[in-house]
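K.L.:
The structure is given below, and queries will be raised subsequently.
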Amino acid sequence: MKSQIQVLLLFFLITWGYSQPKLSFDLGVGIYQPTLTGFDEDVAFPGKDFINRNLLGNWGVYYEFFYNARIGMSTLTSIDSKDGIGLENQSEVDFTRRIIYRFFPVQTFFRWRPRIELNFTLMPIWGRSVISLDTSPPKQSEDWGSFLTKFTDGDVTLKDMDASDAMVTNWFGYGSMLGFRFYLTSRMAIDFKSGFMNNQYDEKKWTLRDQKVTGPKMKIDGLPIFSLKLSYGFR
Amino acid sequence: MEIQSNPCSHPLIKLARERGVKSIPIKDILKYRKLIKECENNGNPAVVEQILMMDWERDFKRSKTMASWTSTHAMFVMTTIGYYYMAKVLDIPYDVTFFPKDE
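Those protein sequence lines, which keep their order, are chains A and B.
So the first sequence is numbered by this note's numbering: it starts at 1 and just counts up by one.
So the second sequence is numbered by this note's numbering: it starts at 1001 and just counts up by one.
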């Protein structure tokens, strides 16, 4: 199996230089409106604003495998961080939160005019959120325990923690988007999309060092989403 | 004796004219841009304009209709988005539950 993977990788590397891959690369932003109750209820967390709640950074790669169809991968990321958030055990920790939506779109399109394209996207979503804390030794476990009580009633017993650790959760979802693309040149285009995504997030499915913990409440199902990006075609 | 070559008859320019600008290999893009500028400066802007115009027409003709299953996919996308926004406007549940939980 390992040798087959190596042969496949070698094949792609060789063909890259000789054939014309039908690739395009996207870079842009997305906008949505989640309700992150778990962070809003505690004043220790950064206050909500447009940048840390509504704005998503977006990059993607698409491959045109059929006359009017592309598949690819697109990632939208929301980031928030604050140094020195106070915990109940009188400690201060550096907090970082990332929510990453990985789309695996199947997109069909047609050219309505020579410079205008309409595209239609269906996408399964692999969502992932990471909360990391930079704590001071030797109070890592105590700090994490105090941090987790922000999301759940009752005490949380943890194993030994490192100075930098992270709690992680994954979920699946689906989405659909309708897009309008204007070609500036035959390679470069501006793409605007509007649609929705539905994520099956559960705050009880976070893990911290292989231990199940409860994380923040976040309402990220049934959200409208908009994206604006620049697309450059290598094909 | 210097032999002056016509930049407008370079193989890359011919490739762009026959198959489109996007058929130029990535490693030759900069060389192609240089040749285009030389071709324009040599008094042949019509060649460059023709390449661009044919490129737009080629892409447009290739993608102006939806082939095979792609139109079905597009209709499905329109339906799901339409259903979602209609449910939002009318404030009705839109979730599809295949296996409802027993209450």
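Just so you know, even glycine gets a beta-carbon here, dropped at the ideal spot from N, CA and C.
Being a predicted model, the structure only gives us computed values, none of them experimental.
Could you check what DSSP says for A/Thr169 in three-state terms: helix, strand or coil?
P.N.:
Reading the first sequence from its first residue, position 169 is the one you call residue 169 of chain A. A/Thr169: strand per DSSP, three-state reduction.
K.L.:
Give, in chain order, every unbroken run of the alpha helix (DSSP H) that is at least 4 residues long and sits entirely within the stretch 125-206 of chain A.
P.N.:
The stretch 125-206 of chain A contains these whole alpha helix (DSSP H) runs: 140-148.
K.L.:
Give me the subset of the stretch 197-210 of chain A whose CB atoms are less than 8 angstroms from a CB atom of chain B, sorted by chain position.
P.N.:
Those would be Asn198, in chain order.
K.L.:
Spatial neighbours of A/Asp134 within its chain, please: C-beta separation below 7 angstroms, excluding the five flanking residues on both sides.
P.N.:
Along the first sequence, one-based indexing puts residue 134 of chain A at 134. Closer than 7 angstroms at Cβ, skipping near neighbours: Val93, Asp94, Ala163 and Ser164.
K.L.:
Which bits of chain A does B/Glu1049 rub up against, with CB to CB less than 8 angstroms?
P.N.:
Indexing the second sequence from 1 puts residue 1049 of chain B at position 49. Under the 8 angstroms cutoff, chain A gives no residues; its nearest Cβ is about 13 angstroms from B/Glu1049.
K.L.:
Using the three-state DSSP reduction, which class does B/Pro1011 fall into: helix, strand or coil?
P.N.:
Taking the second sequence and counting its residues from 1, the one referred to as residue 1011 of chain B is at position 11. Of the three classes helix, strand and coil, the one that applies to B/Pro1011 here is helix, per DSSP.
K.L.:
By how many angstroms is the C-alpha of B/Tyr1085 removed from the C-alpha of B/Asp1091?
P.N.:
By 1-based counting over the second sequence, the position of residue 1091 of chain B is 91. By 1-based counting over the second sequence, the position of residue 1085 of chain B is 85. Cα to Cα, B/Asp1091 sits roughly 9 angstroms from B/Tyr1085.
K.L.:
Using only the alpha-carbon positions, how far apart do A/Pro21 and A/Phe234 sit?
P.N.:
Numbered from 1 along the first sequence, position 21 holds the residue referred to as residue 21 of chain A. Numbered from 1 along the first sequence, position 234 holds the residue referred to as residue 234 of chain A. Per-residue confidence for A/Pro21 stands at a pLDDT of 46, beneath the threshold of 50, marking its modelled position as unreliable; the derived number appears in the next sentence. Cα-Cα distance, rounded: 7 angstroms.
K.L.:
Does any CB atom of chain A fall closer than 9 angstroms to the CB of B/Val1021?
P.N.:
To locate residue 1021 of chain B, count along the second sequence from 1; it is residue 21. Yes, its Cβ sits closer than 9 angstroms to a Cβ of chain A.
K.L.:
Going straight from the alpha carbon of A/Thr185 to that of A/Lys48, what length do you get?
P.N.:
To locate residue 185 of chain A, count along the first sequence from 1; it is residue 185. To locate residue 48 of chain A, count along the first sequence from 1; it is residue 48. Approximately 39 angstroms, taken between the alpha carbons.
K.L.:
Compare the C-beta of A/Met218 against all C-beta atoms of chain B and say whether one is closer than 9 angstroms.
P.N.:
Along the first sequence, one-based indexing puts residue 218 of chain A at 218. Not closer than 9 angstroms to any Cβ of chain B, the Cβ of A/Met218 fails to qualify, so no.
K.L.:
By Cβ distance below 8 angstroms, which residues in the same chain neighbour B/Leu1015 in space, the five residues on each side in sequence not counted?
P.N.:
As a position in the second sequence, residue 1015 of chain B is number 15, starting the count at 1. Closer than 8 angstroms at the Cβ level, and outside the excluded window around B/Leu1015, lie Ser1023 and Ile1024.
K.L.:
Could you check the C-alpha separation between A/Tyr67 and B/Met1066 for me, to the nearest Å?
P.N.:
By 1-based counting over the first sequence, the position of residue 67 of chain A is 67. By 1-based counting over the second sequence, the position of residue 1066 of chain B is 66. Cα to Cα, A/Tyr67 sits roughly 8 angstroms from B/Met1066.
K.L.:
Express the C-alpha separation of B/Val1047 and A/Arg102 in angstroms, rounding to a whole number.
P.N.:
To locate residue 102 of chain A, count along the first sequence from 1; it is residue 102. To locate residue 1047 of chain B, count along the second sequence from 1; it is residue 47. Whole-angstrom Cα-Cα distance: 44 angstroms.
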